[in-house]
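Each step along the sequence shown adds one to the number in UniProt numbering, with nothing skipped, and position 172 is 172. One structure is given below, encoded as structure tokens.
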Amino acid sequence: MKKVLITGSLGQIGSELVDRLRRELGKDNVIATDIRKIDGNAVCENGVFETLDVMDYEKFLKMATDHKVDTIVHLAALLSATAEKNIKLAWHLNMGGLLNALDVAKELKTKIFAPSSIAAYGPDVNQDNTPQDTFMHPTTMYGVTKTAGEMLANYYNTKFGVDSRSVRFPGLISYKTEPGGGTSDYNVDIFYQALLKGTYECYLAEGTKMDMMYMDDAIDAIVNLLNADPTKLIHRNAFNITAMSLAPEELTALIQKHIPSFKITYKVDPVRQGIADSWPNSIDDSAARTEWGFKPKFDAEKMTVEMINKLTEKFK
Ligand code: AKB
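Structure follows, in structure tokens:
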């Protein structure tokens, strides 16, 4: 990976990936794109930034050609809760954008990373330690696009030789850019509210277990998978990866070790609860560990300390 084009670069993952790759590859070798520019935002101001609607194939292809990129990281997509409210847009954007990204990769013979999600699973799998390879029957529109997207990326790999790679991301926890429109987003908001208000009203019910990961490990996973020896990759689209599995009350207990007065209350949102209930409690990521050496650095305790320290710093 020498020169990379990133779509959806203003999002939770994109903003941190852009920063990391600008440091590693050099500013001129990271083409950050998003559907709009935000004046004053570090992604837009501190290096190359271009506006790109991923539904515009001709512009996408021209931009990747002009910048002579050898890798595409395609992050532009609607997340689960937003997708459930806008099902046509979710299908159109998540599938159409991915198809365009794969076609650009095919045309220019670049590598491509486009993330999948734990949402690719449906409620009928083994909920605990869900295997890498099992049947995929998602019951949410976001999940449908993720499962179909995995198949599409595999198809481009086997049919056209496109070097496509992916992971099924769990709920990601970060302090730099807040997530938007996901079902796992509470795992970031809870830290903000713990520090700002001392209380948090959770839209998921007690006992709703879900895989999670600190953002540094997610960024490492993207970079390491893109740099992995392709001959060792059996799965490609997409590897399960996880670092911890937590329910709201378990995350609360971790925060209370540092902020003993912190309290959680529950007001369940049926839409997001339904989505979370259709996802696994915990997934088996042994294929990623074996095939390309995935190993997260942050467990739940270490992530909690890091989030509290970084946000305390941010709010000063
Ligand atoms: C979401 O909640 O939609 C995402 C995901 C787990 O894919 N964070």
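We put the CB at the ideal spot given by N, CA and C, even for glycine. Everything numeric in this text was worked out from a predicted model, so none of it was measured.
Nearest to G161 by C-alpha distance, out of A105, N86, P123 and M210, is A105. Annotation for E16: the continuous alpha helix (DSSP H) segment containing it runs Q12 to L25. For D185, the shortest C-beta to heavy atom distance toward ligand 1 is below 8 Å. A check of alpha carbon separations from D277 across I35, E24, T139 and Y57 identifies T139 as the nearest. Judged by DSSP secondary structure, F294 falls outside any beta strand (DSSP E); it is assigned neither H nor E.
Taking the Cα of I241 as reference, the smallest distance to any Cα among Y175, P248 and I219 is reached at I219. With at least 16 other beta carbons inside 10 angstroms of its own, E16 counts as buried.
Shortest gap from the CB of F169 to any heavy atom of ligand 1: under 8 Å. At the C-beta level, T304 and L251 come within 9 Å of one another. Here L99 is not near S164, since their CB atoms are 9 Å or more apart. Within the model, the alpha-carbon separation for A287 versus I13 is close to 23 Å.
The beta carbon of R236 lies closer than 8 Å to those of A153, N154, N157, S164, R165 and S166 in the same chain, with the five residues before and after it left out. Straight-line measurement puts the Cα of A247 at about 43 Å from the Cα of L108.
Scanning the segment 262-293 from its first residue to its last, the whole beta strand (DSSP E) runs of 3-plus residues come out as 263-266. L78 is positioned such that its CB atom lies closer than 9 Å to that of N94. Taking the C-beta atoms as reference points, K2 is found no nearer than 9 Å to D66. Restricting attention to alpha helix (DSSP H) runs no shorter than 4 residues, the segment 63-135 encloses them at 80-85 and 87-108, ordered along the chain. Annotated three-state conformation of D163 is strand, per DSSP. Within the chosen limit of 8 Å, ligand 1 reaches the beta carbon of P179 through at least one heavy atom.
Taking a contact as a CB-CB distance under 8 Å, the pair A243 and M215 does not count as one, their CB atoms being some 11 Å apart. Counting other Cβ atoms within 10 Å of its Cβ, R22 reaches 16 or more and is therefore classed as buried. Under DSSP, G149 forms no beta bridge with any residue.
In the DSSP assignment, the residues bridged to R168 are S116 and N240.
Take the alpha-carbon of D19 and the one of P230: they are about 25 Å apart. Around the beta-carbon of K146, 16 or more other beta-carbon atoms lie within 10 Å, marking it buried.
By the Cβ test, the segment 177-186 is not in contact with the segment 123-133, since fewer than three Cβ pairs between them sit closer than 8 Å.
For A205, same chain residues with a beta-carbon under 7 Å away, outside a window of 5 residues either side, are Y266, V268 and Q273 in chain order. With respect to the 9 Å criterion, M136 and E150 are classified as neighbours on the basis of their beta carbons. As DSSP reads the structure, D211 sits in a beta bridge with S245.
Remark: the C-beta of S117 is in contact range of ligand 1, defined as less than 8 Å to any heavy atom. Around the beta-carbon of R36, fewer than 16 other beta-carbon atoms lie within 10 Å, marking it exposed.
Assignment of A228 by DSSP, reduced to helix, strand and coil, places it in the coil class.
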